[in-house]
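**Student:**
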Amino acid sequence: MEATDKVWEVFIQKKAGLAFKHAGSVRAFDKKMAIQNARDVYTRRSEGRAMWVVPTEAIVSVPLDNSDAFFDPADDKAYRHATFYEIPDGVKHL
Amino acid sequence: MEKFQEAFDKIIEADSKVEPRDWMPEKYRKTNIRQISQHAHSEIIGMQPEGNWLLRAPSLRAKQVLLAKIQDEAGHGLYLYSVAETLGISRSEMIEQLHSGEAKYSSIFNYPTLTWADMGAVGWLVDGAAIVNQVSLQRTSYGPYSRAMIRICKEESFHQRQGYEIMCRMAFGTPEQKEMAQDALNRFWEPALMMFGPHDADSVHKGQSMEWKIKRESNDHLRQRFIDRTVPQAEYLGLTIPDPNLKWNEETGHYDHSPFNWDEFWNVVNGNGPCNKERLDHHKKAHNDNKWVREAAAAYAAKTETQVA
Chain A
46 MEATDKVWEV FIQKKAGLAF KHAGSVRAFD KKMAIQNARD VYTRRSEGRA
96 MWVVPTEAIV SVPLDNSDAF FDPADDKAYR HATFYEIPDG VKHL
Chain B
448 MEKFQEAFDK IIEADSKVEP RDWMPEKYRK TNIRQISQHA HSEIIGMQPE
498 GNWLLRAPSL RAKQVLLAKI QDEAGHGLYL YSVAETLGIS RSEMIEQLHS
548 GEAKYSSIFN YPTLTWADMG AVGWLVDGAA IVNQVSLQRT SYGPYSRAMI
598 RICKEESFHQ RQGYEIMCRM AFGTPEQKEM AQDALNRFWE PALMMFGPHD
648 ADSVHKGQSM EWKIKRESND HLRQRFIDRT VPQAEYLGLT IPDPNLKWNE
698 ETGHYDHSPF NWDEFWNVVN GNGPCNKERL DHHKKAHNDN KWVREAAAAY
748 AAKTETQVA
């Protein structure tokens, strides 16, 4: 059986001060190849100043079949938003 | 199950995007895999007709530009393989399907590139047609495919412009150059129009793909848009589109054209075009000849990579 590469997710920071953003994925055999492939595939037009690659299998995500239940604790907590509160007219800087 | 189907239908109806881990009908997944892998293979095989001219480009500038364009095609193929992989097929499976003939690529790449003017015609007409199609696909319902299309369109706008620049050079050059430009247009015009696929009435996958918003506009609609845009560009070059029935129709606001030679189209789709065998053989050879590189990379990784994650 032929040895296989694996999939790595690519995150790029465009400029200092901005968050890293998922750009897509690449295939590679090792870390160095992953980051070089990611450069060649996703930053051919100077799209990045910093980059992360992460093996896809290392990413933990919410199981989709109960994602509603996973996120619903936040659904009934409108008081976490500033707009929940009533402030009398004429009061400023709040 | 019904609950999932309902959630999926709602996404499609609301014109929002289906994401990799969302539930989707099996047929939706399969249709996307078929279309996206075909699109990826087209980008990859599409490097061959252009690679043919890399070492014979007429200037250093032309060579740099052509090289950058071919690198983009490779990149676009890779974005698209990644997109297909989010649907549960691996890249090696897709390559096996390409080699076995189970997966197709665009027939346009089964035509040879005989002169330097063909590099102009390919950029102007082939990339031009691809862009019309891809702009429409930016609104496709599968999120990762849509994002790849947005990125690809941004990058490809230079492809068409560099092609048209070559056409300008040739069409306004010596009489021999102009003749080459005309010859390239003659050979690529109809194959470029056929890139949009069969007529709507004969398109096998159309109905369901439109319903699921995988495809957003019909083949004939996109083809007409391309014709309407391209005719004035040919006129500017002083070249003649090889269709005696091509004329502006005041009533419809579009150009009328002759019926296409669909026998030729199906002949090429079914593997009998001028370069089908050559393109596929070349891909297989490169893949097999480079097996040792994959093996070496795997051996190196086994030796040097400590446990990640």
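Protein chains in written order, with this note's numbering: chain A, 46 to 139; chain B, 448 to 756. Ideal Cβ placement from N, Cα and C applies to all residues, glycine included. Just so it is clear, the structure is predicted and the values come from calculations on it, not from any experiment.
(1) Looking at the strands, I want to know which residues DSSP matches up with K51 (chain A).
(2) Going by beta-carbon coordinates alone, are Q518 (chain B) and R125 (chain A) separated by less than 8 Å?
(3) Does any residue of chain A have a CB that is nearer than 8 Å to the CB of G548 (chain B)?
(4) Below 8 Å on the Cβ atoms is my guess for Y592 (chain B) versus V530 (chain B); work out the distance and round it to an integer in Å.
(5) Using 8 Å as the threshold, is the C-beta distance between P691 (chain B) and P559 (chain B) below it?
(6) Note down, in chain order, every chain A residue with its Cβ under 9 Å from the Cβ of Q518 (chain B).
(7) If I measure Cβ to Cβ from M617 (chain B) and keep anything under 7 Å in the same chain, skipping five residues before and after, which residues do I get?
(8) Does V98 (chain A) come within less than 8 Å of chain B when only Cβ atoms are used?
(9) Which residues in the same chain have their Cβ closer than 7 Å to the Cβ of V755 (chain B), if we skip the five residues on either side of it in sequence?
(10) Considering only their Cβ atoms, is the gap separating I555 (chain B) from L636 (chain B) smaller than 8 Å?
(11) Have a look at B:K660, B:F643 and B:V582 and flag the residue whose alpha-carbon is nearest the alpha-carbon of D456 (chain B).
(12) Exposed or buried, Q511 (chain B), counting other C-beta atoms within 10 Å across all chains shown (16 or more means buried)?
(13) What is the DSSP secondary structure of A509 (chain B), reduced to helix, strand or coil?
(14) Roughly how many angstroms lie between the CA atoms of A509 (chain B) and Y683 (chain B), to the nearest whole one?
(15) Roughly how many whole angstroms lie between the Cα atoms of E460 (chain B) and I491 (chain B)?
(16) What do you get for R503 (chain B), buried or exposed, if any count of 16 or more other CB atoms within 10 angstroms of its CB means buried?
(17) Give the DSSP bridge partners of N696 (chain B), in chain order.
(18) Kindly say whether G93 (chain A), judged by its beta-carbon, lies nearer than 8 Å to any beta-carbon of chain B.
(19) Applying the criterion that 16 or more other CB atoms from any shown protein chain within 10 Å of the CB defines a buried residue, is A19 (chain A) buried or exposed?
(20) Taking beta-carbon pairs under 9 Å, can you tell me which members of the stretch 532 to 560 of chain B lie near chain A?
(21) According to DSSP, which residues form a beta bridge with Y589 (chain B)?
(22) Can you list the alpha helix (DSSP H) stretches of 4 or more residues lying completely in the stretch 78 to 117 of chain A, in chain order?
(23) Going by the CB atoms, is the gap between G590 (chain B) and K464 (chain B) shorter than 8 Å?
(24) Report back the beta-carbon spacing between W53 (chain A) and A73 (chain A) to the nearest angstrom; my notes put them in contact at under 8 Å.
(25) Specify the secondary structure class of I661 (chain B) as computed by DSSP and reduced to three states.
(26) How long is the line joining the alpha carbons of N446 (chain B) and D134 (chain A), rounded to whole angstroms?
(27) Taking Y130 (chain A) as part of the alpha helix (DSSP H), name the residues at either end of that continuous run.
(28) Does DSSP classify M46 (chain A) as helix, strand or coil?
(29) Provide the residue span of the alpha helix (DSSP H) that contains L572 (chain B), from first to last.
(30) According to the neighbour-count rule (16 or more other Cβ atoms, all chains shown, within 10 Å of its Cβ), is T533 (chain B) buried or exposed?
**Tutor:** This is what the structure holds:
(1) Stepping through the first sequence from its first residue, residue 51 (chain A) is reached at position 6. Note: K51 (chain A) sits in a beta bridge opposite A:A73.
(2) By one-based count along the second sequence, residue 518 (chain B) stands at place 71. By one-based count along the first sequence, residue 125 (chain A) stands at place 80. Contact: no.
(3) The residue labelled residue 548 (chain B) in the question sits at position 101 within the second sequence. Taking Cβ atoms only, chain A never reaches closer than 8 Å to G548 (chain B), which makes this a no.
(4) As a position in the second sequence, residue 592 (chain B) is number 145, starting the count at 1. As a position in the second sequence, residue 530 (chain B) is number 83, starting the count at 1. Yes, Y592 (chain B) and V530 (chain B) are in contact; Cβ-Cβ is about 5 Å, under 8 Å.
(5) If you number the second sequence from 1, residue 691 (chain B) lands on position 244. If you number the second sequence from 1, residue 559 (chain B) lands on position 112. No. Outside cutoff.
(6) Reading the second sequence from its first residue, position 71 is the one you call residue 518 (chain B). Within chain A, the residues near Q518 (chain B) are D85 and R89.
(7) The residue labelled residue 617 (chain B) in the question sits at position 170 within the second sequence. Only A564, G567, Q624, K625, M627 and A628 meet the Cβ criterion.
(8) Within the first sequence, numbered from 1, the residue matching residue 98 (chain A) stands at position 53. Answer no: the Cβ-Cβ gap between V98 (chain A) and chain B never drops below 8 Å.
(9) In the second sequence, residue 755 (chain B) corresponds to position 308, counting from 1. Annotation note: pLDDT 49 at V755 (chain B) (below 50); position unreliable, coordinate value reported separately. Within the same chain, V755 (chain B) has no close Cβ partners at all.
(10) Numbered from 1 along the second sequence, position 189 holds the residue referred to as residue 636 (chain B). Numbered from 1 along the second sequence, position 108 holds the residue referred to as residue 555 (chain B). The sequence shown places Trp at residue 636 (chain B), not Leu. Their beta carbons are not under 8 Å apart, which means W636 (chain B) does not touch I555 (chain B) by this criterion.
(11) Looking up residue 456 (chain B) in the second sequence gives position 9. The residue with the shortest Cα to Cα distance from D456 (chain B) is B:K660.
(12) Locating residue 511 (chain B) in the second sequence gives position 64, where the first residue counts as 1. Classification for Q511 (chain B): exposed.
(13) Residue numbering aside, residue 509 (chain B) sits at position 62 when the second sequence is read from its first letter. Looking at A509 (chain B) - three-state DSSP - the assignment turns out to be helix.
(14) Here residue 509 (chain B) refers to the residue found at position 62 of the second sequence. Here residue 683 (chain B) refers to the residue found at position 236 of the second sequence. Approximately 22 Å between the Cα atoms of the pair.
(15) In the second sequence, residue 460 (chain B) corresponds to position 13, counting from 1. In the second sequence, residue 491 (chain B) corresponds to position 44, counting from 1. Whole-angstrom Cα-Cα distance: 34 Å.
(16) Here the question's residue 503 (chain B) lines up with position 56 in the second sequence. Under this definition R503 (chain B) is an exposed residue.
(17) What you label residue 696 (chain B) is simply residue 249 of the second sequence in a count that begins at 1. Beta-bridge pairing links N696 (chain B) to B:H701.
(18) Your numbering for residue 93 (chain A) matches position 48 in the first sequence. With 8 Å as the cut-off, G93 (chain A) does not count as an interface residue toward chain B.
(19) Outside the shown range of chain A, which is 46 to 139, sits residue 19 (chain A), and nothing can be said about it.
(20) E532, T533, S537, R538 and S539
(21) Working through the second sequence from its first residue, we reach residue 589 (chain B) at position 142. B:V465, per the DSSP bridge assignment.
(22) 112 to 116
(23) Taking the second sequence and counting its residues from 1, the one referred to as residue 464 (chain B) is at position 17. Taking the second sequence and counting its residues from 1, the one referred to as residue 590 (chain B) is at position 143. Cβ atoms of K464 (chain B) and G590 (chain B): closer than 8 Å.
(24) Numbered from 1 along the first sequence, position 8 holds the residue referred to as residue 53 (chain A). Numbered from 1 along the first sequence, position 28 holds the residue referred to as residue 73 (chain A). Going by Cβ atoms, the distance from W53 (chain A) to A73 (chain A) rounds to 6 Å, so yes, they are a contact pair.
(25) Counting from 1 along the second sequence, the entry for residue 661 (chain B) is found at position 214. If DSSP states are grouped into helix, strand and coil, I661 (chain B) belongs with coil.
(26) There is simply no residue 446 (chain B) to check, as chain B begins at 448 and stops at 756 in what is shown.
(27) The count along the first sequence starts at 1 and reaches residue 130 (chain A) at position 85. Neither: Y130 (chain A) is in no alpha helix (DSSP H) and is coded neither H nor E.
(28) Along the first sequence, read from residue 1 onward, the residue named residue 46 (chain A) stands at position 1. Note that M46 (chain A) scores 41 on pLDDT, short of 50, meaning its location in the model is unreliable; the coordinates nonetheless yield the value given after this. Here M46 (chain A) sits in coil by DSSP.
(29) Residue numbering aside, residue 572 (chain B) sits at position 125 when the second sequence is read from its first letter. Careful: L572 (chain B) lies outside any alpha helix (DSSP H) and carries neither H nor E.
(30) Taking the second sequence and counting its residues from 1, one reaches residue 533 (chain B) at position 86. Classification for T533 (chain B): buried.
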